[in-house]
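Report on one structure; see the data block that follows.
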Amino acid sequence: MSFKKKENNVLKYLNLALSFGLTLAITVYILYKAGTWLDQRLGTEPLFMILGVFLALATIFWQLIEEMQGSEKPAKKSKLETEQDKQKKT
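Every number in the working numbering is 9 more than the matching position in the sequence shown, counting from 1.
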């Protein structure tokens with residue numbers, strides 16, 4: 010593997026880690042605040058706050074798994090590229 014490919018690979022995973030961390034922090038904060046607000050309005054002190062945090066964590070980890078699976082799959086060829094490959098072979 011050349012140096013350029015290694016550098017691109019490192020940057021790809023660094024980007025994934027930074028976006029995951031930022032998305033995690035923002036989502037947890039927003040759903041925590043929304044849960045706290047609902048708890049104050051309805052008088053159900055920790056219920057919606059806890060549900061909001063767990064919902065945020067579940068959503069973020071689901072998104073991370075999808076992102077990791079998507080980054081490992083090779084890019085699909087379009088129909089046009091497939092037809093061009095067939096024409097080259099004949």
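The beta-carbon is built from N, C-alpha and C at its ideal position, and this holds for glycine as well. All values derive from a computational prediction rather than experimental measurement.
query                                                                                                                         : result
Can you check which of these residues, W71, L31 and V37, is closest to M58 by C-alpha distance?                               : V37
Just mark L20 as buried or exposed, buried being the case when its beta carbon has 16 or more other beta carbons within 10 Å. : exposed
Taking DSSP as the reference, what is the three-state secondary structure of V44?                                             : It should be noted that the sequence gives Gly, not Val, for residue 44. Helix at G44.
If you compare alpha carbons, which of K98, T45, L40 and L25 is closest to L66?                                               : L40
CB L33 to CB I69, shorter than 7 Å?                                                                                           : yes
Going by the beta-carbon positions, is the gap between L73 and F29 smaller than 7 Å?                                          : yes
Would you decide whether G44 is buried or exposed? Buried here means 16 or more other CB atoms lie within 10 Å of its CB.     : buried
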